[in-house]
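Each residue of the sequence shown is one higher than the one before, counting from 1 in UniProt numbering. Even glycine gets a Cβ: it sits at the ideal position worked out from N, Cα and C. One structure below.
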Amino acid sequence: MHRRPVAHPGGPTHPPASTIRCGNARAPPPPDPDHTSPNAPRFEIVTTHIHVFGYPTDQGDGVNVVALEDVSAIDLAFLSLPYEPLNNSIWQASHKDPFYSRPAVYLRFSDPVRLPDQDAENEFCRRLLRLGARRWESLDRFRFVLGAINYDDLVIDEIEGGFASVPTSEERRWVSVAWPAGGGVCIAEIPRRLPDFGEHEEFSARENLILERRSILRMARNMDEKASMLLETFEGRMYENVDEVDSRVIRISDLKEFQKSSEAGEDLVHQTGLGALSLDDSSEK
1 MHRRPVAHPG GPTHPPASTI RCGNARAPPP PDPDHTSPNA PRFEIVTTHI
51 HVFGYPTDQG DGVNVVALED VSAIDLAFLS LPYEPLNNSI WQASHKDPFY
101 SRPAVYLRFS DPVRLPDQDA ENEFCRRLLR LGARRWESLD RFRFVLGAIN
151 YDDLVIDEIE GGFASVPTSE ERRWVSVAWP AGGGVCIAEI PRRLPDFGEH
201 EEFSARENLI LERRSILRMA RNMDEKASML LETFEGRMYE NVDEVDSRVI
251 RISDLKEFQK SSEAGEDLVH QTGLGALSLD DSSEK
């Protein structure tokens with residue numbers, strides 16, 4: 001079986017604790033973070049993507065983490081997660097320092113770990129879900145699915161060896177959501193295939209080509225531009241009312257709450273642009 005040597009974008013994965021290979025027992029992985037972990041990471045920054053995580057209260061449904069894959073600057077603004085831009089004082093100082101080996105690429109997030117208050121963390125999770133974030137049993141499973149999608153050899157070996165289950169169609173599905181200023185919600189949803197595992201009939205070169213262009217979403221300066229990109233490039237659909245949303249992975253209940261608050265004027269995300277991301281006080285004047 002031929003596989004592309006693509007690097008795993010989601011970090012290392014852990015096989016089940018009981019996995020045994022060549023007669024040698026593998027050490028159990030560290031426990032995954034959940035709502036009881038005070039230092040659970042908010043971000044995962046890899047070579048080409050930034051993922052954002054939330055940790056909801058345990059509802060007995062097996063959901064321990066909410067993950068938003070490959071966020072853009074506009075997504076950070078929607079989530080009220082400001083970061084310090086590259087032209088900050090630290091960047092300027094290091095850039096001019098003759099002893100600094102290369103120009104600084106400095107990105108400081110204001111909240112590197114989860115919120116200490118669980119009610120506030122639950123609200124953050126709700127905001128993630130309004131952007132198309134997904135519910136997962138663990139961070140490890142989220143990373144594992146990304147590895148399978150990208151044909152990571154270690155992940156594929158785990159599946160072929162029967163040590164892990166094949167990611168479901170719902171787990172693999174790519175979703176992106178925008179809330180334009182004029183109202184309604186725009187959603188693009190594209191399946192991601194695993195043709196090496198009995199899905200030859202579902203393989204679509206056209207959809208793969210569309211997904212290869214998803215980095216263009218990082219160029220959007222506001223939600224209107226993001227919605228336009230989703231419609232024109234990613235075959236997204238515009239819904240005037242969230243009750244009309246047709247999705248295999250997004251729950252209408254996750255979208256309804258935000259639509260009500262925005263119609264009541266309680267949320268200013270529609271006016272939010274890149275200026276809202278700066279920690280500089282002058283940006284608020």
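Judged by DSSP in its simplified three-state form, Gly54 adopts strand. The count of Cβ pairs closer than 8 Å, one atom from the segment 206-219 and one from the segment 113-133, stays below three, leaving the stretches out of contact. Two segments are said to touch when three or more pairs of C-beta atoms, one from each, lie closer than 8 Å; by this definition the segment 136-146 does not touch the segment 182-191. The beta carbon of Asp75 sits closer than 8 Å to those of Val52, Leu68, Leu131, all from its chain and outside the five residues before and after it, given in chain order. Taking a contact to require three or more Cβ pairs closer than 8 Å, the segment 230-240 and the segment 167-185 qualify as touching. Only buried fits Ser138, as 16 or more other CB atoms lie within 10 angstroms of its CB.
In this structure Phe124 touches Gly54 by the C-beta definition: roughly 5 Å separates them, less than 8 Å. Cβ atoms of Pro180 and Ala120 stay farther apart than 8 Å, at about 27 Å. When the five nearest sequence neighbours on each side are left out, the beta carbons in the same chain lying within less than 6 Å of the beta carbon of Val71 are those of Ile50, Val52, in order along the chain. From the listed residues Ser37, Ser247, Ala73, the smallest Cα separation to Arg221 is found for Ala73. The residue from Val175, Gly147, Trp174, Ser176 with its alpha-carbon nearest to that of Val166 is Gly147. Put simply, the backbone Cα of Phe197 is about 33 Å away from that of Ser253. In this structure, Trp136 and Val46 do not form a Cβ contact; the two beta carbons are roughly 17 Å apart against a cut-off of 8 Å. Rounded to the nearest whole angstrom, the C-alpha separation of Met229 and Val249 is 21 Å.
Under the DSSP assignment, Val71 falls outside any alpha helix (DSSP H); it carries neither an H nor an E label. Short of 7 Å from the beta carbon of Leu255, and not among the five residues preceding or following it, lie these beta carbons of its own chain, in chain order: Arg130, Val185, Val242, Val245. Phe144: member of the alpha helix (DSSP H) spanning 139-149, first to last residue.
The beta carbons of Ser176 and Leu217 sit about 7 Å from each other, so the pair counts as a contact at 8 Å.
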